[in-house]
Amino acid sequence: MTARILAGKDFAAQIKEEAKKQAEAIKEQYGVTPGLAVVIVGSDPASQVYVRNKHKACEALGIYSEVIVLPEDTTKEALLAQIDALNSSRKIHGILVQLPLPAALGSAEAEILDRIDPKKDVDGFHPVNVGRLVTGQPALVPCTPAGCIRMLELAAIPMDGAHAVIIGRSNIVGKPMMNLLLQKNATVTVCHSHTKNLAEITRTADILVAAVGRPRFVTADMVKPGAAVIDVGINRIAPKQLVGDVDFTAVQEVAGAITPVPGGVGLLTIAMLMQNTITAALMQLA
Ligand code: NDP
Numbered sequence: 130m131t132a133r134i135l136a137g138k139d140f141a142a143q144i145k146e147e148a149k150k151q152a153e154a155i156k157e158q159y160g161v162t163p164g165l166a167v168v169i170v171g172s173d174p175a176s177q178v179y180v181r182n183k184h185k186a187c188e189a190l191g192i193y194s195e196v197i198v199l200p201e202d203t204t205k206e207a208l209l210a211q212i213d214a215l216n217s218s219r220k221i222h223g224i225l226v227q228l229p230l231p232a233a234l235g236s237a238e239a240e241i242l243d244r245i246d247p248k249k250d251v252d253g254f255h256p257v258n259v260g261r262l263v264t265g266q267p268a269l270v271p272c273t274p275a276g277c278i279r280m281l282e283l284a285a286i287p288m289d290g291a292h293a294v295i296i297g298r299s300n301i302v303g304k305p306m307m308n309l310l311l312q313k314n315a316t317v318t319v320c321h322s323h324t325k326n327l328a329e330i331t332r333t334a335d336i337l338v339a340a341v342g343r344p345r346f347v348t349a350d351m352v353k354p355g356a357a358v359i360d361v362g363i364n365r366i367a368p369k370q371l372v373g374d375v376d377f378t379a380v381q382e383v384a385g386a387i388t389p390v391p392g393g394v395g396l397l398t399i400a401m402l403m404q405n406t407i408t409a410a411l412m413q414l415a
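Quick note, the sequence shown lines up with residues 130 to 415 if you use this note's numbering.
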């Protein structure tokens, strides 16, 4: 069997098209342009690329975008003051602080992210949004797992009653993915570095989500024939070579559907950020 390739660009295009239409509808109904502010501290080259891509995506969809670049030596107090100003700005409906923060601010990361108004928290990292997700209330949900769920929906991969196995339990991917799959009526198993007999568990998965951060960690013998394999991992193994957490070449011979890296889940993350900005605007305007 050769798996169906789930190309991120096709699903991302659909999500962005929906977001563009919603942005137009908000302008018509409320006379307001949804706005996203991205705050970047320091000059990490990878972060600068991500921020530029976010800005471009906003422009293409008719979302107002502000990029606030702060110097590497910005104090915690100055960053908190910047967030306060964005929290009260009427032009801004979504706020994202680009991670990682410089080392000097790293220990204050939770305090900094918690300062964002939960209604503007388009990364979905604020404890209020985490609690809302867990309790099934309307929430802003982290973009990467939200994008994976939207892709499964658009690809018509059944989640109801499926056994979903997630490798990884981070707050950014694994845990929100667990809650989102539960909401879709999947039976969910979450594995991590202490899990025993991992391959035995993953071989029972109808949907296998790899969010480990280890190159080609998931091998063909760990996959049930016909399973949908979602590879969240992004691992740089050479200056110009990115690979996922799944051994794509071998696993595509076993799986029923698989996301490539690059060109898979990564493209959905920005699309969902656009969608979250629209959702945040609607929550604030309604
Ligand atoms: P973390 O490092 O926070 O979490 C990794 C998880 O993998 C942990 O829960 C860890 O277990 C588990 N793990 C590590 N080793 C093993 C092992 N041998 N067996 C089983 N489980 C193991 O990573 P993130 O969740 O932040 O990211 C995961 C990957 O996804 C990375 O490659 C990252 O770059 C990528 N990513 C991609 C995004 C995108 O847009 N496509 C967005 C976010 C992340 P334990 O908890 O026990 O330590």
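Here a beta-carbon is modelled for each residue, glycine too, at the ideal position from N, C-alpha and C. Quantities reported herein were computed from a predicted structural model and do not represent experimental measurements.
Beta-bridge pairing of Gly164 - partner residues as DSSP gives them: Answer is Tyr193.
With 16 other Cβ atoms within 10 Å as the buried cut-off, status of Gly265: Here Gly265 is exposed, its C-beta having fewer than 16 other C-beta atoms within 10 Å.
Buried or exposed (CB count within 10 angstroms, at least 16 for buried), His222: Classification for His222: buried.
Cβ contact (3+ pairs, closer than 8 Å) linking the region 244-254 and the region 191-203: Too few Cβ pairs lie closer than 8 Å, so no.
Outcome for Met130 when other beta-carbon atoms lying within 10 angstroms are tallied against a minimum of 16: Label assigned to Met130: exposed.
Cβ separation of Arg133 and Gly385, assumed to be a contact under 8 Å, to the nearest whole Å: Confirmed, Cβ separation roughly 7 Å.
Neighbour flag for Leu414 against chain E, beta carbons, 7 Å: In summary, chain E is missing from the structure at hand, where a single protein chain is found.
Which of helix, strand or coil DSSP assigns to Asp213: Asp213 falls in the helix class under three-state DSSP.
Of the residues Ile295, Val170, Ile212 and Val375, the one placed nearest Thr203, counting alpha carbons only: When the alpha-carbon of Thr203 is set against those of Ile295, Val170, Ile212 and Val375, the nearest one is in Val170.
Ala340: CB within 6 Å of a non-hydrogen atom of the ligand NDP: At least one heavy atom of the ligand NDP is nearer than 6 Å to the Cβ of Ala340, so yes.
Nearest-angstrom beta carbon gap, Val361 and Val352 [assumed within contact, 8 Å]: That belief does not hold up - the Cβ atoms of Val352 and Val361 are roughly 15 Å apart, past 8 Å.
Within the region 238-292, ranges of the beta strand (DSSP E) (whole runs, at least 3 residues): Fully contained in the region 238-292 is no beta strand (DSSP E) run of length 3 or more.
Any non-hydrogen atom of the ligand NDP closer than 6 Å to Ile296 Cβ: True, at least one ligand heavy atom lies under 6 Å from that Cβ.
Lys325 to Thr331 span [Cα, whole Å]: Straight-line Cα distance between these residues: approximately 11 Å.
Contact test: Ile387 Cβ vs the ligand NDP heavy atom, cutoff 6 Å: Checking the Cβ of Ile387 against the ligand NDP gives no.
Ile144 versus Met401: straight-line alpha-carbon distance, rounded: Their backbone Cα atoms lie some 7 Å apart in a straight line.
The region 372-385 / the region 154-166 touching (three or more Cβ pairs under 8 Å): These segments do not touch.
Lys185 beta carbon less than 7 Å from that of Val167: The Cβ atoms of Val167 and Lys185 do not sit closer than 7 Å to each other.
Beta-bridge pairing of Gly223 - partner residues as DSSP gives them: Looking at the DSSP assignment, Gly223 forms a beta bridge with Leu165.
Three-state secondary structure (DSSP) of Val394: Helix, per DSSP.
Per-residue burial, Val426 [other beta carbons within 10 Å of its own, 16 or more giving buried]: The requested residue 426 does not occur in the structure, where the chain is confined to residues 130 to 415.
Stretch pair the region 270-290 + the region 332-340: three plus CB contacts closer than 8 Å: Between the region 270-290 and the region 332-340, the count of C-beta pairs closer than 8 Å reaches three or more; the two stretches touch.
Collapsed DSSP secondary structure at Gln143 in the structure displayed: If DSSP states are grouped into helix, strand and coil, Gln143 belongs with the helices.
Host beta strand (DSSP E) of Val372 (start-end): Following the DSSP letters along the chain, one finds Val372 inside the beta strand (DSSP E) bounded by residues Gln370 to Val372.
Sequence-distant residues of the same chain with beta carbon closer than 6 Å to Pro344, five excluded per side: Closer than 6 Å at Cβ, skipping near neighbours: Asn364, Ile366 and Val372.
Limits of the alpha helix (DSSP H) - the one that Thr316 falls within: Premise fails: Thr316 lies in the beta strand (DSSP E), Thr316 to Cys320, not in any alpha helix (DSSP H).
Pro287 to Gly355 span [Cα, whole Å]: Using only the alpha carbons, I get a separation of about 13 Å.
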